[in-house]
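In my numbering, the protein residues as written are 35 to 156. Ideal Cβ placement from N, Cα and C applies to all residues, glycine included. Here the structure is a predicted model, which means the values were calculated and not measured. Remarks on the structure that follows.
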């Protein structure tokens, strides 16, 4: 893996590899809601409606589709169980989702810094 701070020049090959790797990552975790869903699940299992309440503004359709994508890519597990006549569905993070914690932490730090920068523009 190439360590890059984006200040040092990189070769054309390294540039292509980085573009492809970032493209692959964004394909899997990109979009407005996927990382937010992972964050919302980071403190334990949640039902669909609990997730929708935690993620203000997400539609049921988008949440459903993003949960399916996250499940398909091994980040989230859908758990079904019966309670009398009702089917109870919960979602929880899988171990693989922990591979994103450094990404989420870095995005959190950058987002906080960027908001301060924009808010204090002269």
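Asked                                                                                                                                         : Found
Contacting residues, own chain, Cβ-Cβ under 6 angstroms from residue 107 (five flanking each side not counted)                                : 62
Simplified DSSP state of residue 85, which is helix, strand or coil                                                                           : helix
Minimum length 3: unbroken beta strand (DSSP E) runs contained in the segment 92–146                                                          : 110–117 and 120–127
Residues near residue 46 in its chain [Cβ-Cβ closer than 8 angstroms; skip 5 each side]                                                       : none
Contacts around residue 89, its chain only, beta-carbon distance under 8 angstroms, and the 5 residues preceding and following it disregarded : 67, 70, 71, 74 and 97
Cβ separation of residue 126 and residue 113, assumed to be a contact under 8 angstroms, to the nearest whole Å                               : 6 angstroms
Closest by C-alpha distance to residue 110, when choosing among 117, 53, 119 and 124                                                          : 124
Chain D within 8 angstroms of residue 135, Cβ atoms only                                                                                      : Within the model displayed, chain D is absent; a lone protein chain is all it includes.
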